[in-house]
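Protein chains in written order, with our numbering: chain C, 106 to 415; chain P, -3 to 264. From the three backbone atoms N, C-alpha and C, an ideal C-beta is built for every residue, glycine too. This one's a predicted model, so the numbers in the text were calculated from it and none came from an experiment. Written out below as C-alpha cells is the structure these notes cover.
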Ligand SMILES: Cc1cc2nc3c(=O)[nH]c(=O)nc-3n(C[C@H](O)[C@H](O)[C@H](O)COP(=O)(O)OP(=O)(O)OC[C@H]3O[C@@H](n4cnc5c(N)ncnc54)[C@H](O)[C@@H]3O)c2cc1C
Ligand SMILES: Cc1cc2nc3c(=O)[nH]c(=O)nc-3n(C[C@H](O)[C@H](O)[C@H](O)COP(=O)(O)O)c2cc1C
Ligand code: FES
C-alpha cells in the first residue's frame, strides 16, 4: 500500500443512474432487498436489482427448481413473482425509504406486457431504473425469445423506452450466436445500459431415475463456473457499444469484479454468491477500494475497459 | 435477527454408521431456536485465510436443529452422510470453524392447551423431533413417539427418547428391531386420539401420516424438505405446493416452512 491517504472515487453513472459505487446485486438472487437487510446495510450498495416482475402474478416452475453443479448451480425458478401491482403496493414503499438505488427487473409474454409493467412502475415512483429481462431461459414464452434476435430485442427495448422516462437497462442472454449484435440492436433502440450475462442454458440428468433432475427439464447455469464466459461476453460487448455495461456472472470476490471492470464493465452485479455469503457485495466494495489504493488509481472509471490493450 | 457467523465446532462424532452428531458453539442460536427450525451451513473453505473461497460445494446445506443447550450455548445437529457436503462436514474436527446462518424458518407450533401428541419420524427425520419432544414434555404433554428406519443400525436415539419419557413405538423394514414393516402401518394400528401429530421423514411416509391423522380428525404438522439456495426466502428455489381454494400456490420451505399444516401442503 503506497498511498494510504488516497481516497479513491468509486462513483459511477450507469445510463443516468448515479451510484455511490459500482457494486449492485443481480436480479432473482436478492429477493426484494429486505431479505438481506438482516445481514448487511443495503444502503452501502451501489444499487439493488430486485426479482423479475411481470404484469400478472406468476406461479413459477415445478420442483426441483435447482441443482448444484461443480462451482455453480442450475436454476429454473420460472420467474415466480406476485405481479407488478402487488410489488407496487407492498415493496415500493420500502424502496422509497432506501438510500441505495433500486432497479426493478421486468419480464413479459409480449412487447405490450413489458411496456405496461414499465409504465406502472414508473408511475409508482421510488425506483431509479428498469432492467428489461430478455434473457430468461426458464419461461416458455417471452423471456429469452425476445433476446434471441436483434429484431425482437430492438422492439422490446423501444417499447419500454417509450413507456418510461426512467433509465432503461437491457439484460442480455449469453445463449445467442453473437451477443455483440444484440447489444448493438438495443443500443440503437435507445437502451441506456446493458447488463450481462444472464444464465447459460443447461441441464442435469438423474441417472438412477433416468430423467432430468429439474422439474422444468432445463435451467440456467450461474455461479463461479460461468465467470470466464461472462468476462468474455463483457469484453466483446465493450468493443461493440458505447453505453455502460453492468457485468455479472460468477462474481464472488473483489478480484472477480475487477476482471469484469477491466474487461469493460462500469458496474458489476453479485448474484449466486449472495446465497453463499450474504456479505459478498459489501466485501467486493471494500476490496475494490483497497485495490484502487494499492494501485494508486484515484477514480474507478479510469479502470473501465483498461485490459483492452490489443 | 438471523445470526450469520463463523462458529466453532465443539464435537463431531459418528453415532452410527454414516450418522454424525455435531455440536456447535453459539449462545445466540441456542437461545433463539425453536423446534423445527434449521441452520444453513457453508462448507466452503477460505483460501489462505483470505475472503476468497473454494466454491465447491458452492451452496450452503440446511440441517435441522437437533437439540440446544441454552445454558452452555450449544447447538446440535444430527446428520446422515449422503454426498459431497455431508462428507466434508463429517471430516470437520473440534475447533474447526464453519460459517453458519440461523435459526431459520418457522418451527412446529406447540399450542398451550394440548395434552397428548404423536410424533412420527422416519430415518434421519428423527433429527428435529428430539428437540420437539423435549419441548412437548417440558409443557407436560404426553407423547407417543413412532420411529421407523430400514434396520436396527439406523434407529437413532432410542435410549435418549425413552429415557426422556416418551412412549416409543418402533418399526424396521427388515424386522431387526421392533415391528417388522413400515412405521405408517404401526401408526395406522396404534394412533390414539391425540391433540396433534407431528411428522418428519420421506414424502412417501409423511403423505401416509397425514392421511391417517386427518382420517381421525387429528391436526398434523409436517416438516418439508426441498433443495435450498439462499435459505432466507430470497430466491424461490425451495418451494412446495400448498392448497389455495381450488388451486395451489408455491410456498417457500425456508421461509413459510419448513413446517406446514398437513391439511394444506401437497406432497406430490
Ligand atoms: C429444512 C431442512 C432440514 C434438514 N435437516 C437435516 C438434518 O437434520 N439431518 C440431515 O442429515 N439432513 C437434513 N437435511 C437434508 C440435508 O440438507 C441434505 O442431506 C444435504 O444437503 C445433502 O448434502 P450433500 O452435499 O451431502 O449431498 P448432495 O451431494 O447434495 O447429494 C448427494 C446425493 O444424496 C442425495 N440426497 C440429498 N439429500 C438427501 C437426503 N436427505 N437423504 C437421502 N439422500 C439425499 C441427493 O439426491 C444425491 O443423490 C435437511 C434438509 C432441509 C431442507
Ligand atoms: C435463482 C436465480 C434466479 C434468477 N432470477 C432472475 C430474474 O428474475 N431476472 C433476471 O434477469 N435474472 C435472473 N437471474 C440471473 C442473475 O441475475 C444473473 O444474471 C446470473 O445468475 C449470473 O450471475 P451469477 O453467476 O453471479 O449468479 C437469476 C439467477 C438465479 C441463480
Ligand atoms: S432457499 Fe431461497 S427461497 Fe428458500
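Nearest to residue i (by Cα), restricted to the options the options
i             : options                    : result
residue 180/P : 163/P, 173/P, 189/P, 198/P : 198/P
residue 143/C : 129/P, 97/P, 169/P, 249/P  : 97/P
residue 369/C : 408/C, 392/C, 168/C        : 408/C
residue 290/C : 260/C, 267/C, 226/C, 358/C : 260/C
residue 365/C : 155/C, 342/C, 204/C        : 342/C
residue 207/C : 318/C, 232/C, 215/C, 131/C : 232/C
residue 114/P : 254/P, 186/P, 27/P, 134/P  : 186/P
residue 285/C : 312/C, 268/C, 254/C        : 254/C
residue 384/C : 82/P, 48/P, 142/P          : 48/P
residue 165/C : 406/C, 321/C, 359/C, 367/C : 321/C
residue 395/C : 363/C, 266/C, 375/C        : 363/C
residue 32/P  : 249/P, 260/P, 261/P        : 249/P
residue 256/P : 231/P, 37/P, 102/P, 120/P  : 102/P
residue 100/P : 260/P, 29/P, 2/P           : 29/P
residue 174/C : 405/C, 332/C, 327/C        : 327/C
residue 104/P : 21/P, 192/P, 82/P, 24/P    : 192/P
residue 335/C : 376/C, 116/C, 126/C, 110/C : 376/C
residue 57/P  : 70/P, 34/P, 71/P, 43/P     : 34/P
residue 415/C : 221/C, 266/C, 272/C, 340/C : 340/C
residue 330/C : 185/C, 302/C, 162/C        : 302/C
residue 120/P : 246/P, 252/P, 144/P        : 144/P
residue 124/C : 406/C, 410/C, 216/C        : 406/C
residue 131/P : 151/P, 108/P, 142/P, 150/P : 108/P
C-beta neighbour in chain C for residue i, strict 7 Å
i             : result
residue 75/P  : no
residue 168/P : no
residue -3/P  : yes
residue 0/P   : yes
residue 4/P   : no
C-beta neighbour in chain P for residue i, strict 7 Å
i             : result
residue 398/C : no
residue 419/C : The structure shown does not extend to residue 419/C, since chain C is modelled only from 106 to 415, so the question has no answer here.
residue 365/C : no
residue 173/C : yes
residue 170/C : yes
residue 176/C : yes
residue 317/C : no
residue 254/C : no
residue 376/C : no
residue 182/C : yes
residue 394/C : no
residue 149/C : no
residue 388/C : yes
residue 407/C : no
residue 240/C : no
residue 136/C : yes
residue 358/C : yes
residue 140/C : yes
residue 200/C : no
residue 165/C : yes
residue 329/C : yes
residue 251/C : no
residue 415/C : no
residue 380/C : yes
residue 259/C : no
For residue j and residue i, believed in contact at Cβ under 8 Å, the rounded distance
i             : j             : result
residue 233/P : residue 220/P : Not really, about 13 Å apart at Cβ, beyond 8 Å.
residue 357/C : residue 392/C : Incorrect: roughly 11 Å between the Cβ atoms, too far for contact.
residue 324/C : residue 180/C : 5 Å
residue 116/P : residue 153/P : Contact flag wrong, Cβ pair sits at about 14 Å.
residue 252/C : residue 278/C : 4 Å
residue 127/P : residue 77/P  : About 21 Å separates the two Cβ atoms, so there is no contact after all.
residue 269/C : residue 235/C : 6 Å
residue 71/P  : residue 106/P : In fact, because the Cβ distance is near 19 Å, the residues do not count as touching under 8 Å.
residue 155/C : residue 209/C : 6 Å
### Query
When you check each C-beta in the stretch 34 to 54 of chain P against every C-beta of chain C, which residues fall closer than 8 Å?
Close to chain C, meaning a Cβ-Cβ distance shorter than 8 Å, are the following residues of the stretch 34 to 54 of chain P: 38, 40, 47, 48, 49, 51, 52, 53, 54.
#### Entry: ligand 1 site residues, beta-carbon cut 5 Å against heavy atoms
Taking a cut-off of 5 Å from the heavy atoms of ligand 1, the residues with a C-beta inside it are 34/P, 57/P, 58/P, 59/P, 60/P, 75/P, 76/P, 78/P, 79/P, 80/P, 81/P, 82/P, 120/P, 123/P, 221/P, 254/P.
### Message
Beta carbons nearer than 8 Å to chain C: which residues of the stretch 230 to 258 of chain P have them?
### Response
Within the stretch 230 to 258 of chain P, the qualifying residues are 230, 231, 232, 233, 234, 235, 236, 245, 246.
### Query
According to a CB-to-CB cut-off of less than 9 Å, which residues of the stretch 203 to 233 of chain P neighbour chain C?
Cβ contacts with chain C: 222, 223, 224, 225, 226, 227, 228, 229, 230, 231, 232, 233.
### Task
Check each residue of the stretch 55 to 73 of chain P: if its Cβ is closer than 8 Å to any Cβ of chain C, include it; give the result in chain order.
Answer set for the stretch 55 to 73 of chain P: 55, 56.
### Members of the stretch 270 to 294 of chain C near chain P, C-beta cut-off 9 Å
Listed by position, the residues of the stretch 270 to 294 of chain C near chain P (Cβ gap below 9 Å) amount to none.
### Message
Along the stretch 120 to 132 of chain C, where does the CB come closer than 7 Å to a CB of chain P? Name the residues.
### Response
Going along the stretch 120 to 132 of chain C in chain order, one finds no residue with a Cβ nearer than 7 Å to chain P.
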